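J.: For the sequence shown, the working numbering assigns the number 9 to the initial residue and increments by one for each residue that follows. So that we are looking at the same thing, I have put the structure below in structure tokens.
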Amino acid sequence: MEIIEATYNYYKKMQEEFKNPGTEYRGVTLWMLNDKLEEQEAIRQLETFYQAGWGAVITRTFMGLRTMYLSEEWMKITEEIIKRAKELGMKVWLQEADKNAAAYMPTGIPGMEEDFRNLILIRKQKDEPIEEGESLLAIHNNYAYYEKKVIPPEGWRNLLCVLDLLNPNTVSTYLERAYKPLLRFKDEFGKTVEAIWVDEPLIKVARGIIPALPWTKDFPHLFEERWGYSILSHLPSLFTEEGDFIKVRHHYWRLITERFNEAYFHQVYDWCERNGVKFTGHLMGEDTLFRQITWSGNTMPYYEFMGIPGIDFLTGDLTWPSGDPFLLPPKQCSSVAHQIDKREVLCEMYGVSSQGLTFEDRKRIANWLMVLGISYRCYHGSFYSMRGRRKRFYPPHLSYQQPYWKYNKLIADYFARVSYMLRQGKYYADILVIHPIESAQCVFIDGEETQLIKDLNSSLVSLSVNLMRIKRSFDYGDESFLEKYGRVRDKSINVGNMAYRVVILPSLITLRRSTVNLLEEFLDQGGLVISVGDLPSRIDGEISSEINSLNARIVKVKNTYESLKELLDSHLPKEIEILSKDGESIEDIWIHHRRLEEGRLFFAVNVNNTKKYDAILRIPGKGRIELWDPANGNIEIPPQHQEEDHISTRIEFYPNSSYILLLNEKKMPINITEKDLKLKSIIPIKNEFTIKRYDPNSLTLDFCRYKKESNGWSEVLPVIGIQELLTDECYTGPISLQFEFFCEDEPKSIFLVVEDAEKYEIKVNDRIFKYEGLPYYRDISFHPVDIKEAVKKGRNIIEISTYFTAGDPTNRRDLEKLYGTELEAVYLIGDFSVKGQKKGEDGKSIWYYPQFSISLEEAKTNGNLLASGYPFYNGTILLSQSILLPKVGSNEKVFLEIEKLDSVVTKIKINSVEAGIIAWKPYKLDITEFVKEGENTIELELTNSLRNLLGPHHNTIGESPSVWNYSFSGRHQDGSDWLKKRAEGKCVSWTDDYCFIPFGIDNINLIIYSESE
């Protein structure tokens, strides 16, 4: 391919910035400040984020924090973080919070007045007693309706106040208390301090009360003033299908949504704007219509009042949590951003997935989100410490602890370049889809996702997926936005910055009067309005015959790929065609389409996890196709052919692969014939490698006996279970843990890693050891102790002792007492092999029996590194072998191709020269320039993650795409008596067996092709 020369200034600037994207494109990490903070350590970690290719940090308080938030100590450390970030050219985002509170704000605030507590509307049998915090609103038939204050449990109420965010006075007081302290850093607002982050503000916290609806003190007055009748007379309609419940619910939820927007979002946005910072974060429950209404009433209207509108995606499963493709949240947020011209559209991603999340997984997730409009990545998360329970909240730990951390810039650069391109020019879309949230509100019942609301959600998701498969760009239109910004001009519906030529209705129940008027005007000018589901029967929630005249002009079509494609192709010019060799459209390749000064930009993604496509891309128009490669920043001209009305090129789309194409309309068309590669030979590489470790091997010991004071030793139990037992009984006193391990051979070196080792008395085979200050292992709290002199062949006993104090979850003022003593697994590391017996495998889950022994290492491996003595290993392993090659002709290419590769990153060297890095498909590398005739040395450096060291090892699910803190214990699913069930063999969620994920390589070939002249 020919490398392009820039010929004019703007284009040259775009090339340079694409090659080296600035801070603003490099994403922000949720820096979970979850332990006792030390200034020097905080600065060191910040510098590693910079080296890893990231642009910003969120100084986020998190579970485990032992430095008082907003204390002078906290403030001084934050000042130093801001100072160093400024020197590095990074940005800092502050988190909105209040003193002594961590994590979710503003839903948990200590010390706020009673009048500011969150209110909910509940109903009870009228003869049920009134409880604390309840005020009677009305009685209808057998039910009493109450306004209820959300009061925390005993012991918490003076410390925690869930706020009423529908009350403007509450929010203004909250801003005064929670935001004012941040003005200490005002000199850097709008400079180094870029934004203030909020996590999941919501309208209701019901603490298990179902049904319960959002409420605020003056709501009855507001409702009557707005709608002309009393809500108190119609409260039953909010809970059951009584009276004209559709109208009442429509009015209720419209007012709730408007109130939330005005009381909370407007005020926070205005404060941030006045002070020169951006308001950002994300809402709760954005994923389905039902969850949006439950937690927020709506989501789209609020994004207007966020400087950087955002969403979050948890787990590694792109159908979580509903089972439907995760499509609504990114499209909802990006649609608003397109309409009001906000270039930064944020998504928090990767959290609650797995320590084993690979670069390929991260690419798969980011590709999906970015083709749907996300342009700013927020990483969940970077944890200051993994001490104690912190390692289980919530994987992965994207920071210095990971063995692959030195390679993070590889994927950071890739998506910084994608982010850069997705903020250039203007998003292009011909289609506006009316969002059905207000119809869903009409049939919403708290705590019960009815079939009606599921059908409305399904209609929207199916339509959206079909449009992506057809490669038709679209936005959602929230009706409040259409009312505020919608205009008809030149046969298009203009919504702010966007102009749409076709409107599609999913299944609907009601439309606003303003929407009806807008659609009728659009139809009068010759516009096309399509319905793919049930037509609306109401206007503003009320039955109206006027809707019939609109419905009669709407074109009905089935919500199928074929029907929509046929109709839209007959009405709109094609944006792009992506075809197989036999001319069939490839539905799994989705696009994000932008219009630039130079022409048309396409970000094209294969969303299929397993299937490769040999695709022909046909773009209408004339010009020159350029491939902008985010892997290296190069811009290339691929083989292409200009025909009369379109230009075409061929691209191989591997699973989850993505490409950036620019049809440069300012360049003259060019015809370049693709060179034909013909297979000449395949040279298999035997699975016989010399092996070399770059990190110590490891063995996790997470079962032990315990004894309290002078009591006898218990049976062998999981360490996590012992922690739970002692905490449940509020034990305080001496505690000893006894671990054992077996050595077939004496290891060359062996260290015992204990968290906070200096706090324990340590014995190995009755010999006393102390932590002598050796460098930490993986995490700053993981302290190694050299125990080689005490280790022997056969059975070895480790005993560690300390004073145990149970944590007190109500003691928010004394953070040491809040968390108490944390008993954890210990680790053996060093120069040895770990032998175990494989039990079986299921997908990515490799199961071993729970007996391991230490032996001497072998010099060779077949590529299966778990079976070669490294089931718990985390780090880099070098595999090498020599192979004879014939002379490579001048018209020949040599590729190294790996069929099965299980690592996060694999660096490949040929004859001691680095040939490239493989981190995602294709597992294929052109090594032509590195090989020679005769003997060649092939070296593969495989680096994995913390997954096999930290687990979860014992969850019966095996390796899961969603790992929560409870995934490490049997308590969540089997209850507080799960240890008893375990002993009886009745535990559902726990097994003593160990689950690992694969690490290694299999089936490698050198493939030689001859290139046609």
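Don't be surprised by glycine CBs; every beta carbon is placed ideally from N, CA and C. Remember, predicted model here, so these are calculated numbers, not experimental data.
(1) Count Cβ pairs between the region 372-391 and the region 31-51 that sit closer than 8 Å; are there 3 or more?
(2) Could you please give the first and the last residue of the uninterrupted alpha helix (DSSP H) stretch that includes Ser241?
(3) Thinking Cys280 and Gly318 are a contact (beta carbons under 8 Å), I'd like their distance in whole angstroms, please.
(4) Count Cβ pairs between the region 295-314 and the region 259-268 that sit closer than 8 Å; are there 3 or more?
(5) Just the C-alpha distance for Tyr785 and Lys399, rounded to the nearest angstrom, thanks.
(6) Quick one: is Asp195 buried, meaning 16 or more other Cβ sit within 10 Å of its Cβ, or exposed?
(7) Answer with buried or exposed for Ser342, where buried requires no fewer than 16 other C-beta atoms within 10 angstroms of its C-beta.
(8) Given a threshold of 16 other Cβ atoms within 10 Å of its Cβ, counted over all protein chains shown, does Pro692 qualify as buried or as exposed?
(9) Is Val206 closer than 7 Å to Ala271 when the C-beta atoms are compared?
(10) Taking just the CA atoms, how far does Ser970 sit from Lys68?
(11) Among Val473, Glu832 and Ser744, which has the Cα closest to the Cα of Thr810?
(12) Would you give the residue range spanned by the beta strand (DSSP E) that Gln133 belongs to?
(13) Can you tell me whether Tyr415 is buried or exposed, with buried defined as 16 or more other CB within 10 angstroms of its CB?
(14) Less than 8 Å between the CB atoms is what I'm expecting for Ala152 and Arg131, so what's the real figure, rounded?
(15) Around the C-beta of Ala110, are 16 or more other C-beta atoms found within 10 angstroms, so that it is buried, or is it exposed?
(16) Using a Cβ-Cβ cut-off of 7 Å (strictly less than) and excluding sequence neighbours within five positions of Ser757, which residues of its own chain qualify?
(17) I'd like the span of the alpha helix (DSSP H) that includes Met476, first residue to last.
(18) So what's Ala93 in DSSP terms, helix, strand or just coil?
(19) Here's a check: name, in chain order, each residue in its chain whose Cβ is nearer than 6 Å to the Cβ of Ile239, leaving out the five neighbours to either side.
(20) How long is the line joining the alpha carbons of Lys674 and Gly631, rounded to whole angstroms?
(21) By DSSP's criteria, Ile217 is part of a beta bridge. Which residues make up the other side?
(22) Three-state secondary structure (DSSP) at Leu335?
(23) On the DSSP bridge list, what partners appear for Ile51?
(24) Where Leu96 and Phe697 are concerned, what is the direct C-alpha to C-alpha distance, given to the nearest angstrom?
(25) Under DSSP, the alpha helix (DSSP H) around Ala374 begins and ends at which residues?
(26) Determine the DSSP secondary structure at Ser383, reduced to helix, strand or coil.
(27) DSSP on Leu831, reduced to helix/strand/coil?
(28) Would you call Ile1012 buried or exposed, if buried means 16 or more other Cβ atoms sit within 10 Å of its Cβ?
(29) Measuring only the C-alpha atoms, how far is Leu733 from Ile788?
(30) Residues in its own chain within less than 6 Å of Met308 by CB, not counting five upstream and five downstream?
(31) Where in the region 472-520 do unbroken runs of the beta strand (DSSP E), each at least 3 residues long, occur, reported from the N-terminal end onward?
(32) When you compare only the Cα positions, how much space is there between Ser143 and Val213?
(33) Which word fits Gly324, buried or exposed, when buried means at least 16 other C-beta atoms lie within 10 angstroms of its C-beta?
(34) Determine, using beta carbons only, whether Asp934 and Phe903 come nearer to each other than 7 Å.
(35) Can you tell me where the alpha helix (DSSP H) holding Cys450 begins and where it ends?
(36) If you follow the alpha helix (DSSP H) that Thr181 is part of, which residue opens it and which one closes it?
T.: Quick answer:
(1) yes
(2) For the purposes of this step, residue 241 is identified with residue 233 of the sequence shown, where counting begins at 1. Looking at the DSSP string, Ser241 is not in any alpha helix (DSSP H), and its letter there is neither H nor E.
(3) Translated into the one-based positions of the sequence shown, residue 280 becomes position 272. Translated into the one-based positions of the sequence shown, residue 318 becomes position 310. Cys280 to Gly318, Cβ: 14 Å. No contact.
(4) yes
(5) One-based indexing of the sequence shown puts residue 785 at position 777. One-based indexing of the sequence shown puts residue 399 at position 391. Rounded to whole angstroms, Tyr785 to Lys399 spans 14 Å at the Cα level.
(6) As a position in the sequence shown, residue 195 is number 187, starting the count at 1. Exposed, by the Cβ-count rule.
(7) For the purposes of this step, residue 342 is taken as the residue at position 334 of the sequence shown. The residue is buried, with at least 16 neighbouring Cβ atoms inside 10 Å.
(8) What you label residue 692 is simply residue 684 of the sequence shown in a count that begins at 1. Classification of Pro692: exposed, given that the 10 Å Cβ count is below 16.
(9) Within the sequence shown, numbered from 1, the residue matching residue 271 stands at position 263. Within the sequence shown, numbered from 1, the residue matching residue 206 stands at position 198. Going by C-beta atoms, Ala271 is not nearer than 7 Å to Val206.
(10) Residue mapping note: residue 68 aligns to position 60 of the sequence shown, counting from 1. Residue mapping note: residue 970 aligns to position 962 of the sequence shown, counting from 1. The residue you asked about is not Lys; residue 68 is Arg in the sequence shown. Their backbone Cα atoms lie some 22 Å apart in a straight line.
(11) On the sequence shown, position 802 is the one that residue 810 refers to. Ranking the options by Cα distance to Thr810, first place goes to Ser744.
(12) The sequence position of residue 133 within the sequence shown is 125, counting from 1. Leu127 to Gln133 is the extent of the beta strand (DSSP E) around Gln133.
(13) Here the question's residue 415 lines up with position 407 in the sequence shown. The residue is buried, with at least 16 neighbouring Cβ atoms inside 10 Å.
(14) By 1-based counting over the sequence shown, the position of residue 152 is 144. By 1-based counting over the sequence shown, the position of residue 131 is 123. At roughly 7 Å, the Cβ-Cβ gap stays under 8 Å, so Ala152 and Arg131 are in contact.
(15) As a working mapping, residue 110 is identified with position 102 in the sequence shown. Confidence in Ala110 is poor, its pLDDT being 45 and thus under 50, which makes the residue's placement too unreliable to answer from.
(16) Working through the sequence shown from its first residue, we reach residue 757 at position 749. Cβ within range, chain order: Lys796, Gly838 and Asp839.
(17) In the sequence shown, counting from the first residue as 1, residue 476 sits at position 468. Run containing Met476: Gln459 to Ile478, per the alpha helix (DSSP H) assignment.
(18) In the sequence shown, the residue the question calls residue 93 occupies position 85. Reduced to three states, the DSSP call for Ala93 is helix.
(19) Along the sequence shown, one-based indexing puts residue 239 at 231. Excluding residues within five positions, the ones whose Cβ falls inside 6 Å are Pro228 and Phe231.
(20) For the purposes of this step, residue 674 is identified with residue 666 of the sequence shown, where counting begins at 1. For the purposes of this step, residue 631 is identified with residue 623 of the sequence shown, where counting begins at 1. Each residue's Cα considered, the two are about 7 Å apart.
(21) For the purposes of this step, residue 217 is identified with residue 209 of the sequence shown, where counting begins at 1. Bridge partners of Ile217: none, in fact.
(22) Walking along the sequence shown from the start, residue 335 turns up at place 327. Looking at Leu335 - three-state DSSP - the assignment turns out to be coil, as it is neither helix nor strand.
(23) Position 43 of the sequence shown, counted from the start, is the residue given in the question as residue 51. According to DSSP, which records beta bridges pairwise, Ile51 is partnered with nothing at all.
(24) As a first step, residue 96 must be located in the sequence shown, where it is residue number 88. As a first step, residue 697 must be located in the sequence shown, where it is residue number 689. The alpha-carbon atoms of Leu96 and Phe697 are separated by roughly 42 Å.
(25) As a position in the sequence shown, residue 374 is number 366, starting the count at 1. Where Ala374 is concerned, the enclosing alpha helix (DSSP H) stretches over Phe367 to Val379.
(26) Translated into the one-based positions of the sequence shown, residue 383 becomes position 375. Coil at Ser383, not helix or strand.
(27) Within the sequence shown, numbered from 1, the residue matching residue 831 stands at position 823. Looking at Leu831 - three-state DSSP - the assignment turns out to be coil, as it is neither helix nor strand.
(28) What you label residue 1012 is simply residue 1004 of the sequence shown in a count that begins at 1. With 16 or more Cβ atoms within 10 Å of its Cβ, Ile1012 is classed as buried.
(29) To locate residue 733, count along the sequence shown from 1; it is residue 725. To locate residue 788, count along the sequence shown from 1; it is residue 780. Each residue's alpha carbon lies about 27 Å from the other.
(30) On the sequence shown, residue 308 is found 300 positions in, with the first residue counted as 1. Cβ within range, chain order: Gln340, Val344 and Asp486.
(31) 482-485, 494-497, 500-503, 506-508 and 510-513
(32) Taking the sequence shown and counting its residues from 1, one reaches residue 143 at position 135. Taking the sequence shown and counting its residues from 1, one reaches residue 213 at position 205. Looking at the two C-alpha atoms, the distance is approximately 17 Å.
(33) Start at 1 with the first residue of the sequence shown, and residue 324 comes out as number 316. So Gly324 counts as buried.
(34) Counted from its first residue, the sequence shown places residue 934 at position 926. Counted from its first residue, the sequence shown places residue 903 at position 895. For Asp934 and Phe903, yes; Cβs fall inside 7 Å.
(35) Within the sequence shown, residue 450 is the residue found at index 442, counting from 1. Residues Ile445 to Cys450.
(36) Within the sequence shown, the letter at position 173 stands for residue 181. Pro176 to Ala186 is the extent of the alpha helix (DSSP H) around Thr181.
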